[in-house]
Amino acid sequence: MTVHDHAFPRRLWRGRPEDPRWARPAFLALLLATLLLYLANLSASGYANSFYSAAVQAGSESWKAFFFGSLDAANAITVDKPPAALWPMALSVRLFGLHSWAILLPEVLMGVGTVAVVYAAVRRRFSPAAGLIAGAVLALTPVAALMFRFNNPDAMLALLMAVACYLVIRALEDGRTRWIVWAGAAIGFAFLAKTLQAFLILPPLALVYAVCAPVPVRRRVAQLAAGLGAIVVAGGWWVAVVELWPASSRPYIGGSQNDSFLELTFGYNGLGRLNGDETGSVGGGGAPGGGGGGGWGETGWDRMFGSVVGGQISWLIPAALILLVAGLVATRKAARTSVTRGAFLVWGGALLTTMLVFSYMQGIFHEYYTVALAPYIAPLVGMGAALLWERRDRTWAALTLTAAMTATAAWGYVLLNRSSGYQPWLKWLVLVGGLSAALGLLFAARLGRRIALGVAGLGLVTALAGPAAYTLTTLGEAHTGSIVTAGPAVTGGRGGGPGGGGGPGGGVPGGNMPDGNGFPGRPGQGQQGQQGQGQPGRNLPGGMPGGGTPGDGKPQGETPDGRSGAGGMGGLLNGAGVSDEAKGLLEDDAQAYTWVAAAVGAQNAASYQLSTGDPVMAVGGFNGTDPSPTLDEFKEYVANGEIHYFIAGGGGMGGASAGTSSQISTWVQESFTSVTVDGTTFYDLTKPKTES
3 MTVHDHAFPR RLWRGRPEDP RWARPAFLAL LLATLLLYLA NLSASGYANS FYSAAVQAGS
63 ESWKAFFFGS LDAANAITVD KPPAALWPMA LSVRLFGLHS WAILLPEVLM GVGTVAVVYA
123 AVRRRFSPAA GLIAGAVLAL TPVAALMFRF NNPDAMLALL MAVACYLVIR ALEDGRTRWI
183 VWAGAAIGFA FLAKTLQAFL ILPPLALVYA VCAPVPVRRR VAQLAAGLGA IVVAGGWWVA
243 VVELWPASSR PYIGGSQNDS FLELTFGYNG LGRLNGDETG SVGGGGAPGG GGGGGWGETG
303 WDRMFGSVVG GQISWLIPAA LILLVAGLVA TRKAARTSVT RGAFLVWGGA LLTTMLVFSY
363 MQGIFHEYYT VALAPYIAPL VGMGAALLWE RRDRTWAALT LTAAMTATAA WGYVLLNRSS
423 GYQPWLKWLV LVGGLSAALG LLFAARLGRR IALGVAGLGL VTALAGPAAY TLTTLGEAHT
483 GSIVTAGPAV TGGRGGGPGG GGGPGGGVPG GNMPDGNGFP GRPGQGQQGQ QGQGQPGRNL
543 PGGMPGGGTP GDGKPQGETP DGRSGAGGMG GLLNGAGVSD EAKGLLEDDA QAYTWVAAAV
603 GAQNAASYQL STGDPVMAVG GFNGTDPSPT LDEFKEYVAN GEIHYFIAGG GGMGGASAGT
663 SSQISTWVQE SFTSVTVDGT TFYDLTKPKT ES
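In this text, residue positions in the sequence shown follow my numbering: the first is 3, and each later residue adds one.
Rendered as structure tokens:
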């Protein structure tokens, strides 16, 4: 064996020659700890959000469904997002089969990758210790621990946003065009994960590079133009294919009203999220239950700190903002091309821009969206703490460190105090320990090295104790359905805990109780759940189940491997339980049909599809409000013998949805015979009612 055969393992373990010997082992230990932490109890959530899991299953069986992001392998309709976030999961299911781990493992790996990117970005300009702090802050952020173990598009978005920021900082170091082009490619591909949200950080990144790059102005402009071109190519190729593909031979674009991805992008998933004008949405702009935010909670500068959102993400936001200002003050006399200042501007600009949009957007807003902030908060904490620690002999730096630690301790106490009965000793540990560390940091320069490091360690531990506890609670519970939250239930929140609620005070916008049709109705006060638990799943009037978890902590209606078990009808926001009898009914002669069944609403359809493994048509898409299929199209499918059953419920039969879904439901009810299995009504579309 040659010397070169030993070089790579040794270099992998040793890291950069200029680093301390402990740096690379500590970094690898951080990644391993994050991996093991996120893998713990991973299968408890079963299929997690069955809406996306059904699309993953479809993509694992049909390359056409894979490309378009179809909800079923027969390609009736797509999810209401572009498909990039589904692709890693679909490939995993192709390799390992359909089960919870195969779906969620790619999300976990994205979480580990995001921690690695944040560490690398911070370590380059500061120190390994700063990178480790940043990585730990990210890994222990409650909403990050939730979404890096869940199958929504947010995990891929967070990873790619972190990559884009890292690449821009690399470009600030040497002015090479390739870094800007790659950053543009990352943002463009992120667009294919969650559309326009990927563009929120474009203004600050472009502005920082335009001002701070170490190349002439003309070259900066050309490089930014090249980056824009990379965005268009990386994100636009798929859009161009979809828009040019004949609509008659592709699935309907879910979430749109005119079968157009561009309409979906700039309407329901774009400007509609900002102004609340979301055609086809439920509970969006103008719905009761919120202040300025319609049915999705009050808007305003303090939205990220409110009772609903605060415990998800805001633990270290006060410290991050203080340290951002401190970093800019410390580098105020630096040259225009200072990469240290540029790094603060990149991460700080991304944080402030995204927070501003989240705080004032009038349309659909879920607590878990805030995972997008985590990759920006963590670097600011790591960089700012390292910068001030090096200057702790200066009065202003010591005072700022003390202020950041005091704010963190006080805010941690407030957040923990919102969860009545949740580890009551912890809030006092955070407060007393944090204030003690703050006092020690004030005099850190006068203390011996060991004592000073002990004070810093105490500060780090108490700062992370609250979010770490919420993270462990999150890992210990199952989370299913469309609205999920991290940590325990909180006073004034939507329920929290497993599944993010779904009963009273949870699972519907603004904590509203659903009306008799299964849609948000009267505004209601969000109720506080028990420690570590959300509201239990239950079938509410009109066939809208809860979607929390039963007492054994497993997803309601699903077995540990993610297969559906017994349960009732499906609902708008959470998957339905599917009994063995219902499954057997649909599987009988399934191969003779293109779709074994059709159901209003994607969550309802997804549950039956995941249970049987056969395509189920989601009438009306996610909300049941998309005009697909039309009544005439549905009648044609039935006449051609392509659909076997129509499943009642899902918010459709009770008159919950207007338009085509309601028309189809009424026609089916009037025209075909029905059978009831375990409380769910199935209409056999091959057996018309006998004329009287």
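Glycine included, each C-beta is placed from N, C-alpha and C at the ideal position.
When DSSP builds the beta bridges, which residues end up paired with residue i?
i	result
A599	V618, Y647
T487	T487 is not bridged to any residue.
V679	T682
T143	Answer is none; T143 lacks a bridge partner.
F674	P690
Y254	I79
Spatial neighbours of residue i within its chain, please: C-beta separation below 7 angstroms, excluding the five flanking residues on both sides.
i	result
W303	S361
H368	I485
P320	A409, T410, W413
W240	P84, L194
Residue i and residue j: beta carbons closer than 8 angstroms?
i	j	result
T116	L140	yes
Y376	T143	Per the sequence presented here, residue 376 reads as Ala, with Tyr not at that position. Yes; because the gap between Cβ atoms is below 8 angstroms, this pair is in contact.
I182	A192	no
A208	L194	no
A166	I203	yes
A491	S438	no
L159	A200	yes
T662	T683	no
L88	Y40	no
L44	V95	no
L266	D21	no
I233	G190	yes
G48	T614	no
A454	I324	no
P629	Q259	yes
Y418	V432	It should be noted that the sequence gives Leu, not Tyr, for residue 418. Yes, the Cβ-Cβ distance between L418 and V432 is below 8 angstroms.
I666	A601	no
L687	A465	no
A146	V327	no
G256	G623	yes
M382	L390	It should be noted that the sequence gives Leu, not Met, for residue 382. Not closer than 8 angstroms, so no.
S487	Q314	The sequence shown places Thr at residue 487, rather than the Ser named in the question. For T487 and Q314, yes; Cβs fall inside 8 angstroms.
A50	I105	yes
V119	L33	no
G386	G468	no
A584	V679	yes
A236	A187	yes
Going along the chain, which residues of its own chain have a beta-carbon closer than 6 angstroms to the beta-carbon of residue i, five neighbours each way excluded?
i	result
G133	Y121, V124, R125
S72	A60, T80, P253
G442	V457
Y378	W349, A352, L353
A92	V58, G61, S62, F68
K66	N77
S64	A75
Taking the continuous alpha helix (DSSP H) assigned at residue i, which residues delimit it?
i	result
E63	52-63
S361	341-362
N419	397-419
K429	426-444
V492	Where V492 is concerned, there is no enclosing alpha helix (DSSP H), given that its DSSP letter is neither H nor E.
V311	Counting along the chain, V311 falls outside any alpha helix (DSSP H), and DSSP gives it neither H nor E.
V373	It is not in any alpha helix (DSSP H) - V373 carries neither H nor E in the DSSP assignment.
G639	Per the sequence shown, residue 639 should be read as Tyr rather than Gly. Here the alpha helix (DSSP H) through Y639 covers 633-641.
L318	No alpha helix (DSSP H) contains L318, which DSSP labels as neither H nor E.
R452	451-477
G661	G661 -> no alpha helix (DSSP H), and no H or E assigned at all.
K335	Looking at the DSSP string, K335 is not in any alpha helix (DSSP H), and its letter there is neither H nor E.
D582	582-589
A35	25-41
L44	No alpha helix (DSSP H) contains L44, which DSSP labels as neither H nor E.
E265	263-268
To which residues of the same chain is residue i closer than 8 angstroms at the C-beta, ignoring the five residues directly before and after it?
i	result
V170	W181, I182, A185, L207, V210, Y211, V348
T596	A76, P617, Y639, E644, I645
A28	P130, L134
*Just list the beta strand (DSSP E) runs in the segment 68-146, keeping only unbroken ones of 3 residues or longer that don't cross its boundaries, in chain order.*
none
*Ignoring anything shorter than 4 residues or poking outside the segment 175-244, list the alpha helix (DSSP H) runs there in chain order.*
179-196, 204-214
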